[in-house]
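Asker: Residue numbers (our numbering): 202 to 675. What follows is a structure written as structure tokens; I'll ask about it next.
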């Protein structure tokens, strides 16, 4: 074989070796994409500067030019949120660790040269090339551990997608409710202003006491404060949505929502077997299971490497002082005399037990969270339906009768205005209950999609949206 052919074969071999060790640019992201599509019907993209990124940017711009629905806001967040993009890089890190686990350690080359101190003998020299044989034996175990950690990483990233989608949906629902609160706070402030104006005229005419006039002024002040709080809540919730959707500049100021909260749906989610469904689809359990598998693999690897570690096998070449060359095998190994790995083994076993306990705890907590989410959904629907079907009609009936009584001069203007205030307050309460229902529904959907986490830790604006002023009849 010619020297040229040998060189070509060497180059080809190096190319094939390098190709086999290449880390996939989007390793594991197909799992995340599939889960997002199947579980929540949304598209995700790992932004890595390709042609697809430009098309997605244009799609986001197109969505923002129209009134946003909750689904639109979620889709923008999943495509444009930079925190989520940063989370995707975890896949690259664990994928690289998996590739690294399948690589052998580099061989070690050593040599020595010892010139003669006295005249006569020639210098001695030696060369050795050795490979860690134990590393070759345990490469399969290392790959198994890294594979389990990679599976846990995929479940963790897929969970982050579900979390971001649910968080954005809840934020959008709260924003829609806040817009309705603002409308009703304006009506309430207008009614309070009209009531105060009438009270001033009556007070100036000497028909009501100073106490009654001051009471109306206090009601107007409270209504103005409630209106200011509603306006501040709108700004705060909008910025929260901007952050979730990754918007800034003109995009953050130009978008608008598609309108009011939807009414209660006729068909409710199927929550009869919510525990079984939650267990079946849980990404948290998948992640916990993968972590337990990795811990078991590490415990086994540590147990074996304690006995057999740093076992180098190779070939050595030595020249003695007679100028004779000798070639033969060489080996070296670590003797576990002082450190027999007891501490490492104990730590690995404890870590394994911890992951198993965490898996069991996750299953128990998931079942409890599923039941609690179901109960909150049922209760929220009942409250919203009661406000819609009972409270609002009764308040409107009282207003209607008050109007008739006022026309017949049986009651005064303050009683009529008080009835109108009560209708507005009932409307605010209905919007609150409707918002809470949709948030409870989002939590159930999140659990059914595979997460043991609440979509919202606290309902914002619940206390501030309710009226704290008392209406007095005159």
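Using N, Cα and C, we set each Cβ at its ideal position, and we do this for glycine too.
Can you check the region 541-629 for any alpha helix (DSSP H) of at least 4 residues that lies completely inside it and give the ranges in chain order?
Answerer: If we require 4 residues or more, the alpha helix (DSSP H) runs fully inside the region 541-629 come out as 543-587, 593-608.
Asker: From this set, 287, 267, 333, which residue's C-alpha is nearest residue 511's C-alpha?
Answerer: For this step, residue 511 is matched to residue 310 along the chain shown. With distances taken between Cα atoms, residue 511 lies closest to 333.
Asker: Say whether chain C places a C-beta atom closer than 9 Å to the C-beta of residue 641.
Answerer: The question asks about chain C, but that chain is absent: this structure has only one protein chain.
Asker: Would you mind reading off the limits of the alpha helix (DSSP H) that contains residue 380?
Answerer: Taking the chain shown and counting its residues from 1, the one referred to as residue 380 is at position 179. That run of the alpha helix (DSSP H) goes 340-405.
Asker: Can you name the residues that DSSP bridges to residue 328?
Answerer: Along the chain shown, read from residue 1 onward, the residue named residue 328 stands at position 127. Note: residue 328 sits in a beta bridge opposite 312, 518.
Asker: Helix, strand or coil: which one does DSSP assign to residue 275?
Answerer: Sequence index remark: in the chain shown, residue 275 carries index 74 (1-based). Helix, per DSSP.
Asker: If you draw a straight line from the C-alpha of residue 271 to the C-alpha of residue 611, how long is it?
Answerer: For this step, residue 271 is matched to residue 70 along the chain shown. For this step, residue 611 is matched to residue 410 along the chain shown. Their Cα atoms are separated by approximately 48 Å.
Asker: Starting from residue 232, trace the alpha helix (DSSP H) in both directions and tell me its first and last residue.
Answerer: Here residue 232 corresponds to residue number 31 of the chain shown, with the count starting at 1. Note, residue 232: alpha helix (DSSP H), 230-241.
Asker: From 396, 229, 593, 326, pick the residue whose C-alpha is nearest to that of residue 613; which is it?
Answerer: For the purposes of this step, residue 613 is taken as residue 412 along the chain shown, with counting starting at 1. Per the Cα distances, 396.
Asker: Looking at C-beta atoms only, is the number of pairs between the region 612-626 and the region 556-566 that lie closer than 8 Å three or more?
Answerer: Cβ pair count under 8 Å is below three, so no.
Asker: Identify whether residue 212 lies in helix, strand or coil by the three-state DSSP scheme.
Answerer: Against the chain shown, residue 212 aligns to sequence position 11. Any reading at residue 212 needs caution, since the residue's pLDDT is 36, under 50, leaving its predicted position unreliable; the model's value is listed next. In this structure, residue 212 counts as helix in the three-state DSSP scheme.
Asker: Measuring straight from C-alpha to C-alpha, what distance separates residue 465 and residue 403?
Answerer: Here residue 465 corresponds to residue number 264 of the chain shown, with the count starting at 1. Here residue 403 corresponds to residue number 202 of the chain shown, with the count starting at 1. One C-alpha to the other measures close to 44 Å.
Asker: Which of the three DSSP states, helix, strand or coil, is assigned to residue 475?
Answerer: Start at 1 with the first residue of the chain shown, and residue 475 comes out as number 274. Looking at residue 475 - three-state DSSP - the assignment turns out to be helix.
Asker: Do you know offhand how far residue 443's Cα is from residue 410's?
Answerer: What you label residue 443 is simply residue 242 of the chain shown in a count that begins at 1. What you label residue 410 is simply residue 209 of the chain shown in a count that begins at 1. Distance between the alpha carbons of residue 443 and residue 410 is about 50 Å.
Asker: For residue 229, which of 252, 286, 292, 255 has the nearest alpha-carbon?
Answerer: Numbered from its first residue, the chain shown carries residue 229 at position 28. The shortest Cα separation from residue 229 among 252, 286, 292, 255 belongs to 292.
Asker: Is DSSP giving residue 291 helix, strand or coil here?
Answerer: Translated into positions along the chain shown, residue 291 becomes position 90. Of the three classes helix, strand and coil, the one that applies to residue 291 here is helix, per DSSP.
Asker: With DSSP as the reference, please indicate the residues paired to residue 269 in a beta bridge.
Answerer: Within the chain shown, numbered from 1, the residue matching residue 269 stands at position 68. Answer by DSSP bridge pairing, in chain order: 458.
Asker: Who are the Cβ neighbours of residue 302 in its own chain at under 6 Å, not counting the five residues just before and after it?
Answerer: In the chain shown, the residue the question calls residue 302 occupies position 101. Only 343, 344, 347 meet the Cβ criterion.
Asker: Can you give me the start and stop residues for the beta strand (DSSP E) that residue 529 sits inside?
Answerer: Here residue 529 refers to the residue found at position 328 when the chain shown is read from its first residue. Note, residue 529: beta strand (DSSP E), 526-533.
Asker: Please report the distance separating the alpha-carbon of residue 523 from that of residue 327.
Answerer: Counted from its first residue, the chain shown places residue 523 at position 322. Counted from its first residue, the chain shown places residue 327 at position 126. For residue 523 and residue 327, the distance between alpha carbons rounds to 14 Å.
Asker: Is residue 468 helix, strand or coil by DSSP?
Answerer: The residue given as residue 468 occupies position 267 in the chain shown. Of the three classes helix, strand and coil, the one that applies to residue 468 here is coil, per DSSP.
Asker: Using the C-alpha atoms, what's the distance from residue 311 back to residue 514?
Answerer: The count along the chain shown starts at 1 and reaches residue 514 at position 313. The count along the chain shown starts at 1 and reaches residue 311 at position 110. Cα to Cα, the separation comes out at about 13 Å.
Asker: Among 294, 287, 259, 288, which has the Cα closest to the Cα of residue 277?
Answerer: Sequence index remark: in the chain shown, residue 277 carries index 76 (1-based). Closest option to residue 277, Cα to Cα, is 259.
Asker: In three-state terms, what does DSSP make of residue 511?
Answerer: Here residue 511 is taken as the residue at index 310 of the chain shown, counted from 1. Coil at residue 511, not helix or strand.
Asker: Going by C-alpha to C-alpha distance, which of 517, 349, 308, 283 sits closest to residue 296?
Answerer: Along the chain shown, read from residue 1 onward, the residue named residue 296 stands at position 95. Ranking 517, 349, 308, 283 by Cα distance to residue 296 puts 349 first.
Asker: So the alpha helix (DSSP H) residue 437 belongs to, where does it begin and stop?
Answerer: Reading the chain shown from its first residue, position 236 is the one you call residue 437. Note, residue 437: alpha helix (DSSP H), 411-446.
Asker: Whole angstroms is fine: what's the gap from residue 339's alpha carbon to residue 472's?
Answerer: Counted from its first residue, the chain shown places residue 339 at position 138. Counted from its first residue, the chain shown places residue 472 at position 271. Whole-angstrom Cα-Cα distance: 47 Å.
Asker: Name the one or two DSSP bridge partners that residue 333 has.
Answerer: Position 132 of the chain shown, counted from the first residue, corresponds to residue 333. 513, per the DSSP bridge assignment.
Asker: Should the region 593-604 be regarded as contacting the region 646-653, the criterion being three or more beta carbon pairs within less than 8 Å?
Answerer: No, because fewer than three Cβ pairs between the region 593-604 and the region 646-653 fall closer than 8 Å, the two stretches do not touch.
Asker: Taking the Cβ atom as the reference point for each residue, do residue 578 and residue 653 lie within a distance shorter than 9 Å?
Answerer: For the purposes of this step, residue 578 is identified with residue 377 of the chain shown, where counting begins at 1. For the purposes of this step, residue 653 is identified with residue 452 of the chain shown, where counting begins at 1. In this structure, residue 653 does not lie closer than 9 Å to residue 578 by Cβ.
Asker: Can you list, in chain order, the residues of its chain with a C-beta nearer than 6 Å to that of residue 581? Leave out the 5 residues immediately preceding and following it.
Answerer: Here residue 581 refers to the residue found at position 380 when the chain shown is read from its first residue. Closer than 6 Å at Cβ, skipping near neighbours: 637, 638, 641.
Asker: Do you know offhand how far residue 261's Cα is from residue 483's?
Answerer: Position 60 of the chain shown, counting from 1, holds the residue named residue 261. Position 282 of the chain shown, counting from 1, holds the residue named residue 483. Cα to Cα, residue 261 sits roughly 30 Å from residue 483.
Asker: Closest by CA to residue 421, which one among 619, 368, 453?
Answerer: In the chain shown, counting from the first residue as 1, residue 421 sits at position 220. The shortest Cα separation from residue 421 among 619, 368, 453 belongs to 619.
Asker: Keeping to the same chain, check which residues put their C-beta closer than 8 Å to that of residue 470; ignore five residues upstream and five downstream.
Answerer: The count along the chain shown starts at 1 and reaches residue 470 at position 269. Once the five neighbours on either side are set aside, the close Cβ partners of residue 470 are 578, 642, 645, 646, 649.
Asker: In terms of alpha-carbon separation, which member of 391, 436, 441 lies closest to residue 418?
Answerer: Here residue 418 is taken as the residue at index 217 of the chain shown, counted from 1. Nearest C-alpha to residue 418: 391.
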